[in-house]
Amino acid sequence: MGEFVRVETAEGIATIRLDRPKMNALNRQVQEEIAACARQVDADPGVHAVVLYGGERVFAAGADIKEMADMSYADMAAHSAVLQDCFTAVAEIGKPVVAAVTGYALGGGCELALCADIRIAGESARLGQPEILLGIIPGAGGTQRLPRLVGPARAKDLIFTGRHVPAAEALQIGLVDRVVPDADVYTEALAYAATFAGGPALALRAAKQAVDRGLEVDLNSGLEIERLQFSALFATEDAKTGMRAFAEKSRAKFTGR
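2 is the number of the first residue of the sequence shown in my numbering; add one for each residue after it.
Set out below in structure tokens:
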């Protein structure tokens with residue numbers, strides 16, 4: 002457990018909780034603590050799904066500008082690799098990850114939400130990549146993950162203008178997947194994550210890897226990734242359990258083996 006980021010686990014669901022008042026600014030320490038928590042929940046066989054949460058007021062307002070302001074090119078060339086690695090650790094959690102977005106998710110906060118598989122936002126949430134207004138561009142995946150999610154034209158609009166996107170528009174363009182009342186964001190995220198508790202962990206990991214890796218390659222290569230993942234699952238106990246339960250018209254009890 003870090004100073005500003007901690008893992009809270011209950012009933013197979015882990016919450017990676019950001020808690021750096023007032024706005025969860027993502028300085029280097031927070032970034033490294035996020036990565037450590039991501040690796041912790043990924044390695045924990047008792048965790049079946051993960052929720053990213055910044056609290057009731059704000060998800061994460063972005064990078065710590067004061068920390069970056071005096072950095073040189075050489076400084077940032079080194080730090081940006083660490084920054085991307087920290088966020089990639091979240092994207093590579095081999096379990097379903099849900100971002101519970103309240104308040105602002107801007108800059109690095111938006112990029113962190115992009116690392117999740119599903120984004121549930123409150124009605125008053127605002128998302129965006131405002132780095133252009135500082136004379137820079139997104140550096141933690143925004144120029145890469147955002148166009149893969151909403152398409153290049155919409156991503157360029159958000160990145161070029163730096164505007165804040167309200168929750169309703171974010172839902173319309175696919176930047177978030179569900180909008181709920183502000184007070185219900187975390188509860189809804191937990192409820193969705195809970196649907197994977199007791200599920201076939203190896204199949205869920207394979208499905209996530211097949212989709213994510215497939216987006217990085219041409220169709221034929223993606224189909225090969227899928228074929229290999231699909232075939233490998235036939236060596237698992239869960240596959241035998243699931244198909245046996247289907248034949249017997251009973252509920253499968255998966256063990257993650």
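Ideal Cβ placement from N, Cα and C applies to all residues, glycine included. This one's a predicted model, so the numbers in the text were calculated from it and none came from an experiment.
According to DSSP, residue 179 shares a beta bridge with 121. In this structure, the straight-line span from the alpha carbon of residue 118 to that of residue 208 is close to 12 Å. Non-local C-beta neighbours of residue 161 in its own chain, meaning closer than 8 Å and more than five positions away in sequence, comprise 133, ordered along the chain.
Residue pairing from DSSP places residue 10 in a beta bridge opposite 15. Check the Cα spacing between residue 68 and each of 77, 176, 9: the tightest is with 77.
Using a Cβ distance threshold of 8 Å, residue 53 and residue 126 do not count as a contacting pair. For the 8 Å CB-CB criterion, residue 94 and residue 43 form a contact. Inter-segment contact for the segment 183 to 199 and the segment 237 to 251 is absent: fewer than three beta-carbon pairs are separated by less than 8 Å.
Counted as a single uninterrupted DSSP element, the alpha helix (DSSP H) harbouring residue 149 occupies residues 143 to 151.
Exposure of residue 254 is indicated by the presence of fewer than 16 other C-beta atoms within 10 angstroms of its C-beta. Inter-residue distance for residue 249 and residue 51 is about 32 Å (C-alpha atoms, whole angstroms). In the structure shown, residue 216 falls within a coil segment according to DSSP collapsed to helix, strand and coil. Going by DSSP, residue 129 is part of the beta strand (DSSP E) stretching over 127 to 129. Across the structure, residue 185 and residue 75 are spaced so that their CA atoms are roughly 44 Å apart. With contacts defined by Cβ atoms closer than 8 Å, residue 61 and residue 27 form a contacting pair. Burial check for residue 235: the Cβ neighbour count within 10 Å stays below 16, so the residue is exposed. Remark: C-beta atoms of residue 30 and residue 87 do not approach each other more closely than 8 Å. DSSP places residue 100 in the strand class (E or B) of the three-state scheme.
Here residue 146 is not near residue 124, since their CB atoms are 8 Å or more apart.
In chain order, 85, 88, 89, 92, 112, 115, 116 place their CB closer than 8 Å to the CB of residue 142, counting only its own chain and leaving out the 5 sequence neighbours on each side.
Boundaries of the beta strand (DSSP E) around residue 50: 50 to 54. Pairing residue 135 with residue 163, the inter-Cα distance amounts to about 9 Å. Runs of the beta strand (DSSP E) spanning 3 or more residues and lying entirely within the segment 179 to 252 occur at 179 to 181, in chain order. Between residue 37 and residue 8, the alpha-carbon positions lie close to 10 Å from each other.
In the structure shown, the three-state DSSP call for residue 64 is strand.
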